[in-house]
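Presented below is the structure to which this report refers.
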Amino acid sequence: MSISIQTNTSIKSSNSSANSESSQISQILKKIQSLTEKLGKVSSEDGMTTDQKKEMVAIIQKQIQSLSTQLQ
Numbered sequence: 021m022s023i024s025i026q027t028n029t030s031i032k033s034s035n036s037s038a039n040s041e042s043s044q045i046s047q048i049l050k051k052i053q054s055l056t057e058k059l060g061k062v063s064s065e066d067g068m069t070t071d072q073k074k075e076m077v078a079i080i081q082k083q084i085q086s087l088s089t090q091l092q
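Numbers given in the numbering used here equal positions in the sequence shown, counted from 1, plus 20.
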């Protein structure tokens, strides 16, 4: 009987870890999607110089790369 309880606890813990990891992946993917959308809008931003836009693009690309690395 105690073996059954330990096994069930172990399975529950494993499922909980898988759910947590899945949730983290979903959050990262949402952030990447948001940053990608923001990246597409940079060129049409008013009130920014070309250099500022280039800098913004570089920052967003670094953020996307960093998040992508977390998925690997």
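Every residue, glycine too, gets a C-beta built ideally from N, C-alpha and C.
I need the straight-line Cα distance from residue i to residue j, nearest angstrom please.
{"i": "K3", "j": "Q90", "result": "What the structure shows of the chain is the stretch from 21 to 92, and residue 3 is not part of that stretch, so it cannot be assessed."}
{"i": "K61", "j": "G67", "result": "13 Å"}
{"i": "L87", "j": "K73", "result": "21 Å"}
{"i": "I31", "j": "K51", "result": "Bear in mind that a pLDDT of 47 at I31, under 50, signals an unreliable position, so the model cannot answer this."}
{"i": "L49", "j": "E65", "result": "24 Å"}
{"i": "E41", "j": "Q92", "result": "12 Å"}
{"i": "T56", "j": "N39", "result": "26 Å"}
{"i": "E75", "j": "Q53", "result": "20 Å"}
{"i": "I84", "j": "S43", "result": "18 Å"}
{"i": "Q47", "j": "S37", "result": "15 Å"}
Provide the residue span of the alpha helix (DSSP H) that contains residue i, from first to last.
{"i": "D71", "result": "T70 to L91"}
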